[in-house]
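In full-length UniProt numbering, the protein residues as written are 1 to 460.
Here's what the structure looks like:
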């Protein structure tokens, strides 16, 4: 056996090891150049869009789902298309088109390693921002939870935008192509979302989510994915495939899914059944029930109302519960101040102003339980206001009352000053009662809720 034969296994192992160390074109393109920056831009755009609306989506899976979808489609997709266009125009800027044409690999084989990195990084930026929003919302959000199909469909749409943008960059030899693609994307999405005919509106990726209470049927994200991905793959095949007849397959898929979307129309969206449900804390009297869409806020609501509920201990004839459902409260119910839409009483998982929230709850608790609240009886209205003030214990009450008193004094309005003093005296009489006396008086007061006669309100 010669020395050359002895060395041959070593050379084979060395070549195999070197081949394993050689990075693939896709890996090289993903780690260098422009694509990582595109992913960072998508992540920052998603994060800024969600942060700007944080008071409106935190505590609600429905709002989180809607805003994530709108941020991905309306904000990030034109940016992703522009990034793909810039990547596609790289050979024009470098003047290396002739060199690429002489490569052993065909145009279609060269397409994917160059086009996919922008898509992959854009989807990674979207996934990171969406995942952070979902994790932030996890402790206290209510509703049906995140819809995975919608998140995946939005990721596919960003991929489609990157691929179509790359094709546009290879075909248009202008540096301004990328910003023009972004502008055209924003204009096209705005037109299709607002001005498209009713049938074609279902084909727009930006349409459909009208409120947090709306859910797509299970097949809508799949059909939208097939419609978008089929069109994109057809364009890619027309651009780079050797056999152009292959385009018929993705076009057929796109046509089938598009027809399904158009036929489904508004029927693809249904009301979230959670909107008709409530979660309750029955450890208090009245019990506290909030809409299940904001069920995570129940501890915050209980903490805000607890000072008022403690003052009602031992009082009879109270409503059975606070409710937070659609429509008017039923018998033995009091309307809870609205938690939705988020951003007014509740934001970022907290009650923004517990004192104001408690005051509105106290006003609803003492509301007349009849079709039309009796008006015109000054004594009954003043008594109700005194009860509301005493229950709410609003820290801003005295300061607001002093301001009104100063305004009335500056204007010389003796009638206004007399009303302020009468309200203050009624509140003082209620406060000066002994606990047992006040408990009996409040029981009589709440018994008068079922009457439409102001004369039934006990004298204060």
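From the three backbone atoms N, C-alpha and C, an ideal C-beta is built for every residue, glycine too. Note that the structure is predicted; figures quoted are calculated from it, not measured.
DSSP three-state call for residue i: helix, strand or coil?
| i | result |
| --- | --- |
| residue 317 | coil |
| residue 461 | Residue 461 cannot be examined here, being either before or after the span of the chain that is shown, 1 to 460. |
| residue 456 | helix |
| residue 243 | coil |
| residue 205 | coil |
| residue 271 | strand |
| residue 276 | helix |
| residue 157 | helix |
| residue 347 | strand |
| residue 122 | helix |
| residue 322 | strand |
| residue 179 | helix |
| residue 172 | coil |
| residue 147 | coil |
Rounded to the nearest angstrom, how far is the Cβ of residue i from that of residue j, given a contact under 8 Å?
| i | j | result |
| --- | --- | --- |
| residue 89 | residue 178 | 7 Å |
| residue 181 | residue 168 | 6 Å |
| residue 154 | residue 69 | 6 Å |
| residue 427 | residue 386 | 5 Å |
| residue 452 | residue 368 | 7 Å |
| residue 87 | residue 34 | 6 Å |
| residue 84 | residue 165 | 3 Å |
| residue 261 | residue 223 | 5 Å |
| residue 237 | residue 246 | 5 Å |
So, for residue i: in the same chain, excluding its five sequence neighbours on each side, which residues have a beta-carbon less than 6 Å away from its beta-carbon?
| i | result |
| --- | --- |
| residue 355 | 394 and 395 |
| residue 49 | 71 and 75 |
| residue 360 | 337 |
| residue 302 | 281 and 288 |
| residue 209 | 66 and 69 |
| residue 316 | 443 |
| residue 134 | 146 |
Quick one: is the Cβ of residue i within less than 8 Å of any heavy atom of the ligand PLP?
| i | result |
| --- | --- |
| residue 365 | No copy of the ligand PLP occurs in the structure displayed, which carries no ligand at all. |
Among the options, which has the Cα closest to the Cα of residue i?
| i | options | result |
| --- | --- | --- |
| residue 289 | 273, 269 and 320 | 320 |
| residue 213 | 63, 435 and 412 | 63 |
| residue 215 | 149, 300, 322 and 408 | 149 |
| residue 44 | 31, 411, 130 and 300 | 130 |
| residue 147 | 219, 184 and 437 | 219 |
| residue 27 | 114, 86, 85 and 273 | 114 |
| residue 284 | 357, 314 and 221 | 314 |
| residue 42 | 127, 225, 185 and 456 | 127 |
| residue 56 | 368, 430, 434 and 347 | 347 |
| residue 174 | 245, 253, 185 and 91 | 91 |
| residue 265 | 132, 330, 436 and 217 | 217 |
| residue 304 | 352, 454 and 294 | 352 |
Got a sec? Which residues, its chain only, sit under 7 Å from residue i by beta carbon, not counting five neighbours each side?
| i | result |
| --- | --- |
| residue 362 | 308, 388, 391 and 392 |
| residue 123 | 155, 158 and 159 |
| residue 332 | 319 and 320 |
Using a Cβ-Cβ cutoff of less than 8 Å, which residues in the same chain neighbour residue i once the five nearest sequence positions on both sides are dropped?
| i | result |
| --- | --- |
| residue 458 | 383, 441, 444, 445 and 448 |
| residue 189 | 73, 74, 77, 78, 204, 205 and 206 |
| residue 296 | 59, 139, 140, 141, 142 and 349 |
For residue i, decide whether its Cβ has a neighbour in chain C, counting only Cβ atoms nearer than 9 Å.
| i | result |
| --- | --- |
| residue 272 | Among the protein chains of the structure shown there is no chain C, as only one such chain exists. |
contact_flag[the segment 150-170, the segment 71-80] where n(CB pairs < 8 Å) is 3 or more: Touching, per the Cβ criterion.
Cβ pair count under 8 Å reaching 3, the segment 198-217 against the segment 113-131: Taking 8 Å as the limit for Cβ pairs, the verdict is that the segment 113-131 does not touch the segment 198-217.
Contact the segment 203-221 vs the segment 68-75: 3+ CB pairs below 8 Å: The segment 203-221, when compared against the segment 68-75, does touch it at the 8 Å Cβ threshold.
The segment 273-288 / the segment 316-330 touching (three or more Cβ pairs under 8 Å): yes
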